[in-house]
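Asker:
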Amino acid sequence: MKAIKIQSHGGPEVLSLTSLPDPVPGQGEILVRVKASAVNPLDGIVRMGYFPIAKQPPLILGEEASGVVERDGGGFMAGETVIVYGGGLGVFTDGTWAELIAVPAAKLRRIPAGIAIEEVAALPNAGVTAYGALRTAELKAGERLLVLGATGGVGSAGAHIGRAMGATVIAVVSTPEKGAALADLGANHVVALNQGPLEEQVRKLTDGRGADVVLDPVGGELTGRGMAALGASGRLVHLGYSAGMSLSINSLDLIAKKTAIQGFNIFLVDPDRAARDLDEVVALIAQRKYRAIAVKTFPASEVVAATRWLDERRSVGKVVLAF
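Numbers 34 to 356, taken from the numbering used here, label the letters of the sequence shown in order.
1. Name the DSSP beta bridge partners of residue 271, please?
2. Kindly identify the DSSP beta-bridge partner or partners of residue 98.
3. Using a Cβ-Cβ cutoff of less than 7 Å, which residues in the same chain neighbour residue 165 once the five nearest sequence positions on both sides are dropped?
4. Distance, Cα to Cα, residue 119 vs residue 96?
5. Throw me the rounded Cβ distance for the residue 246 and residue 170 pair, which I believe falls under 8 Å.
6. Thinking C-beta only, is residue 158 closer than 8 Å to residue 71?
7. Pull up the distance between the alpha-carbon of residue 50 and that of residue 323, whole angstroms please.
8. With 8 Å set as the bound, which would you pick, yes or no: does the beta-carbon of residue 53 sit closer than that to a beta-carbon of chain B?
9. Below 6 Å CB to CB, which residues in the same chain sit around residue 250 once its five sequence neighbours on both sides are set aside?
10. Going by other Cβ atoms of all chains shown within 10 Å of its Cβ, with 16 needed for buried, is residue 305 buried or exposed?
11. By the 10 Å Cβ neighbour count, where 16 or more other Cβ atoms means buried, how is residue 127 classified, buried or exposed?
12. Is it true that the CB of residue 223 sits closer than 8 Å to the CB of residue 241?
13. When DSSP labels each residue in this structure, what does residue 177 get in the three-state scheme?
14. In terms of residue numbering, what span does the alpha helix (DSSP H) encompassing residue 337 cover?
15. Quick one: grab the DSSP three-state call for residue 42.
16. Taking 8 Å as the cut-off, decide whether the C-beta atoms of residue 64 and residue 133 are in contact.
17. By the DSSP assignment, the beta strand (DSSP E) with residue 208 in it spans what residues?
18. If residue 238 sits next to residue 203, beta carbons under 8 Å apart, how far is it from one beta carbon to the other, in whole angstroms?
19. Are at least three pairs of beta-carbons, each pair with one atom in the segment 335-345 and one in the segment 310-320, less than 8 Å apart?
20. Which of the three DSSP states, helix, strand or coil, is assigned to residue 322?
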């Protein structure tokens, strides 16, 4: 089979499509022929060696995929189309950037009818991450949800899923041009960072009350701006640091408004809880209450270009490799 397996840590140049022996399924494992696999920010973090608990190279990257079951087993029939996700694929064990993968049946879900196999490859990781973070923040129907980085994978998933949970969604983008698709995917309002102070824009949209919950997959200085946009007793859930790991927060935003900030790590979620979250996300996919904002597809042989496209933040939505 062809697979993308890093032999050492480094930049995109360590990525290449190479020939490897086909995997042999173990007891309870299902062999899946991968059709599409997403490229996620964590793939780059693992590739660079910045995720110390990850398996050391050699390692096949890739956290999620969609594909076709090769042989009957584990309750699945040959020819069924499936989602492949869960348990640290591409982080703790070889992942989905390969033509074939053998995984436990618990990491598979059937693709709902009518959903394109390329699109669904981009949905589980961002969806489960956003869903788990919003559940952690105890988002309730009728609350005001502010989503930072709303054109990214987790951000767009959070906007879409937050609307499905009954929240009023305010999506934050860098420029108005990047936010054009978000209204179709559930955002009630779209605000651009280059159109004025975030706190002022949010208060105008909420009759001066501010947001109840902020979903923050970005980090850096934007976390402080999200905290400033919270209303009384608001909650910010922080789950990413693409803009930097150092946060600048005004202590008055915590004290005067009695707000809270909480971290979320998908790898620390109880496995049974994570499985239920995945089931919930697949149900939302089936109902078309959660879909991709956009999918940019590259052939697997162009993995270096795909990775650079993501690293340079040229993409709105998700990047996918086609095998």
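All C-beta atoms in this analysis are idealised placements derived from N, C-alpha and C, irrespective of residue type, glycine included.
Answerer: Taking the definition as stated:
1. 249, 296
2. 70, 117
3. 297, 299, 302, 310
4. 7 Å
5. 5 Å
6. yes
7. 31 Å
8. Within the model displayed, chain B is absent; a lone protein chain is all it includes.
9. 182, 187, 188, 272, 273
10. exposed
11. buried
12. no
13. strand
14. 336-344
15. coil
16. yes
17. Residue 208 -> no beta strand (DSSP E), and no H or E assigned at all.
18. 6 Å
19. no
20. coil
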